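For this note's numbering, count along the sequence shown from 1 and bump the result up by 25. Built from N, CA and C at the ideal position, the CB exists for glycine as well. Treat the numbers as computed from the prediction; the structure is a model and nothing was measured. For reference, the structure is listed below as structure tokens.
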Amino acid sequence: MGAGRADAVGPDRAGAPATGDPGAGGPAAGGPDARWLALLMHAAFFLLLGASLARFLMRHPGETRTPWIIALSAGLAGLYLLGPVLGSRPTPRRLTWLGVLVVVWMVLVVLAPSFAWCAVPLFYTGLRILPPRAALALVALLTVLVVAAQLRLATGFDPNLVLAPPAVAAVATAVFVHMQRQAARQRELIDDLLRTRRELAATERREGTLAERQRLSMEIHDTLAQGLSSQQMLLQAADRSWESDPGTARRHVLTATGIAERNLAEARRFVHDLAPADLAEGGGLEAALRTLADRETAQARGRLTVRCHVEGTPATALPDRVQSALLRIAQGALANVSEHAAATVAALTLTHLDDRVVLDIADNGRGFGPTRPDARPDARPPEGVRGHGLPAIRARVQQLGGTLTVESAPGEGTVLSAAVPLAHTAAAPVPEEHA
């Protein structure tokens with residue numbers, strides 16, 4: 026039977042012809058099964074029409090009604106071929122075509138009852154075009170005509186001729202309605218899947234945007250913000266000693282100028298590819314850490330000495346995201362040491378092990394109270410610890426699948442240890458410095 030009572034209620038939500046009107050709406054009008062069934066029904070109609078005409082000509086040669094039968098058969102075939110040209114929607118023109126088609130068939134059945142077999146494809150056509158109630162009424166009318174035609178052909182009363190056509194019509198209609206409901210459910214599922222995919226894509230875009238904002242906030246905190254803070258302190262110190270000690274004031278200004286140059290390089294690197302400027306200069310993570318230690322020592326002007334140690338040799342080059350994250354961790358940790366710890370000595374230790382790389386940042390400063398090990402990366406720092414440097418460090422380590430250990434006590438300094446498993450970063454890469 027066919028493919029779509031949905032035609033009775035108009036196009037589907039996508040605006041295409043409803044499923045099940047192949048041949049009328051083109052390839053897009055239904056799925057492969059609907060198109061196959063439509064072609065089968067079209068072939069069955071012409072086969073039954075030809076067989077009915079041949080039977081009449083064989084049984085009634087030379088009758089006066091023969092020219093009318095041949096003309097009506099040709100007209101019925103032409104009308105049926107005209108159907109796909111009229112489109113798939115139940116427009117007045119399409120409904121008129123169906124009415125004329127049924128009337129011509131009825132006239133043929135009255136003149137030659139053997140043409141009643143063409144009713145089955147007409148069931149399909151009516152169910153495909155008309156609203157449900159009108160379609161059922163048409164099926165009932167066609168069934169009555171088929172029963173009457175079969176009784177005219179019979180030599181006597183046969184109960185099968187009365188009961189079989191209604192049973193066949195009922196089965197055909199039930200199968201058709203079931204197919205249409207299945208098609209409607211499938212369309213709803215497809216629409217739900219498409220809507221879910223769009224919502225998921227939008228959610229991923231929002232999460233990606235928030236993650237990028239968080240990552241950039243950590244980048245700015247570890248580089249530009251710390252540099253601007255250092256410049257501010259140096260310029261304030263230069264202002265205080267401008268008249269009493271011009272030489273010292275000049276050195277402070279020159280140091281602030283150097284920091285400004287580094288910040289400018291970082292800002293340009295953000296615009297270019299957001300990679301740390303020290304890594305872009307070549308030499309890898311070890312050289313970048315040594316450069317960082319020397320720079321922090323020079324900027325501290327004797328108040329803080331930063332040493333750098335590298336232990337072990339990596340079996341393979343560290344991934345770029347690991348190098349970048351560890352350098353940012355070192356920058357953020359040293360910025361906290363310089364601003365909060367009041368330390369005189371700090372040490373950066375990079376240790377290459379077989380399955381992981383460990384970066385330790387230790388200082389002999391004032392230390393602070395312990396933090397909860399399960400604290401969220403964005404949680405507020407404990408009393409006495411300012412800024413968001415430590416949560417940012419913890420977030421960077423967790424994004425690489427590593428662990429961060431903080432050992433500190435008031436008056437006993439602080440040790441930060443960031444361990445990153447190399448197998449995890451190689452097997453399950455994450456977006457670079459995704460926060």
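The beta-bridge partner set that DSSP reports for proline 446 consists of Arg381. For valine 362, there is no enclosing beta strand (DSSP E), since its DSSP letter is neither H nor E. Between the alpha carbons of leucine 155 and glutamate 88 lies a gap of roughly 37 Å.
A distance below 8 Å between beta-carbons, with the five flanking residues on each side excluded, links alanine 355 to the following residues of its chain, in chain order: Leu314, Leu317, Leu373, Leu384 and Ile386. Among the bridge pairs identified by DSSP, aspartate 388 is matched with Ala371 and Thr439.
Taken in chain order, the segment 227-252 contains no complete alpha helix (DSSP H) segment of 4 residues or longer.
By the Cβ test, the segment 282-289 is in contact with the segment 251-260, since at least three Cβ pairs between them sit closer than 8 Å. Put simply, of Leu378, Ser98, Thr322 and Thr369 the residue whose alpha carbon is nearest the alpha carbon of alanine 342 is Leu378. Between threonine 376 and glutamate 311, the gap from beta carbon to beta carbon reaches 7 Å or more. Arginine 293 sits in a helix when the DSSP states are folded into three classes. For valine 129, the enclosing alpha helix (DSSP H) begins and ends at 117-136.
Inter-residue distance for arginine 275 and valine 331 is about 24 Å (C-alpha atoms, whole angstroms). Judged by DSSP secondary structure, serine 433 falls within the beta strand (DSSP E) whose first and last residues are 428-433. In the DSSP assignment, the residues bridged to histidine 334 are Thr374. Our two residues, threonine 116 and leucine 147, have alpha carbons roughly 18 Å apart in a direct line. Excluding residues up to 5 positions away in sequence, Leu429 and Ala443 lie with their Cβ nearer than 6 Å to the Cβ of valine 422 in the same chain. Tryptophan 267 sits in coil when the DSSP states are folded into three classes, being neither helix nor strand.
Distance from the CA atom of leucine 218 to the CA atom of threonine 234, rounded to whole angstroms, is 24 Å. Its Cα nearest to that of serine 242, the residue Ile418 stands out among Ile418, Ala434, Gly436 and Pro446.
Proximity of the segment 195-210 to the segment 222-234 falls short of the contact definition, fewer than three beta-carbon pairs being nearer than 8 Å. A direct Cα-Cα distance of roughly 21 Å separates alanine 366 from isoleucine 284.
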